[in-house]
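Read the structure below first, then the notes.
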Amino acid sequence: TVKLRIPKQMKQPPESKQQRGPVGFGYYMDLDKPVPRERKLMKRTAGLLAHELRVPFLGIIGVSDSLVKSEEKKPMQKQLEMIHRCGTRLVDVLDVVRDAAMILEKRVGLLSQKVKMSQICGEVGGALQIAKDKRNQPVKKKEVEFSTDVPDSLPEVEGDRNKMAKVIHHVVENALKFTHKGHVKISATASSQEITMTVEDTGIGIPDEVQAEIFKPFVRLEPQNYYGLGLGLSIVYEVVKLQGGKLGFESALGKGTKFFMTFPIKRAFPDAYVSRAP
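In the working numbering, the protein residues as written are 207 to 484.
The following block contains the structure:
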């Protein structure tokens, strides 16, 4: 049993509309900002609830998947497939909420491992070539050329492999989501101290007025046409920063976007953040 004391009233009123309602969930995700104790407690509660709800939904997904396969070409097939898709989408949402809540914690679990970026990019590229989105449509459109150019000769990076893979996966998936024709390309270069990953696309681009806000929580491009919570890039930004890296981009509306992720080859992790991999 988990017991949490939730304050009935904030000691300090919200400073702006951005801190109210669901948008306020991610307002204090930046670790450089002070986080009021009451708000941090509420965000932690949201993270724990997301974690607890995730387990029964995984059960629903498993049972519905089994029924979909056993009920093939039977009257309830479409309804069972809908249950499975909705359950999967809810788990994805809960994962995002849980990850966002974890960013608020001072001790974010990071592993110190030797990571081969070419291997990660190959796995991400292979998975997204066949992946489907929340609407059960292919993530990569037929008119899009998707390529990976990450040499095996690149030096290994010290970091948390799973978190680095999720970061790259999210940025590439975003590029494919917003690109309907042209190309999406993953590439990488190395200097003596760092590796720079580049994800380039010929998608819809990011409007000038949104570019300054793109790493803030709940910022979405064309929400009427594209699914998502708008939390993904804000989480990516914080995770890259925890890894000792940097995240930036260049974009032109209607022409495409290029994201840059820089990771140090040898990372001096703060001891509070790291557990060494076996």
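By construction, the Cβ of each residue, glycine as well, lies at the ideal position given by its N, Cα and C atoms.
DSSP-derived helix/strand/coil call for residue i
i, result
"His376", "helix"
"Lys322", "coil"
"Thr294", "helix"
"Val390", "strand"
"Asp271", "helix"
"Leu382", "helix"
"Asp358", "coil"
"Lys422", "coil"
"Pro262", "helix"
"Gly411", "coil"
Cut-off 6 Å between Cβ atoms - residues of its own chain near residue i, not counting five sequence neighbours on either side
i, result
"Asp358", "Ser324"
"Ile266", "Gly293"
"Phe231", "With a pLDDT of only 47 at Phe231, under 50, the local geometry of the prediction cannot be trusted, and no value is derived from it."
"Ser353", "Lys391"
"Glu351", "His389"
Host alpha helix (DSSP H) of residue i (start-end)
i, result
"Glu406", "No alpha helix (DSSP H) contains Glu406, which is instead part of the beta strand (DSSP E) from Glu400 to Asp407."
"Ile441", "Gly438 to Leu448"
Beta strand (DSSP E) segment containing residue i, residue limits
i, result
"Asp355", "Val350 to Asp355"
"Leu453", "Lys452 to Ala458"
"Glu415", "No beta strand (DSSP E) contains Glu415, which is instead part of the alpha helix (DSSP H) from Asp414 to Gln417."
"Thr468", "Gly462 to Pro470"
Contacting residues, own chain, Cβ-Cβ under 7 Å from residue i (five flanking each side not counted)
i, result
"Glu362", "Lys320, Val321 and Lys322"
"Val330", "Ala371, Ile374, His375 and Val378"
"Phe455", "Thr463, Lys464, Phe465 and Phe466"
"Leu439", "Ile420 and Phe421"
Cross-strand partners of residue i (DSSP beta bridge)
i, result
"Glu364", "Lys320"
"Thr395", "Thr402"
"Pro344", "Lys338"
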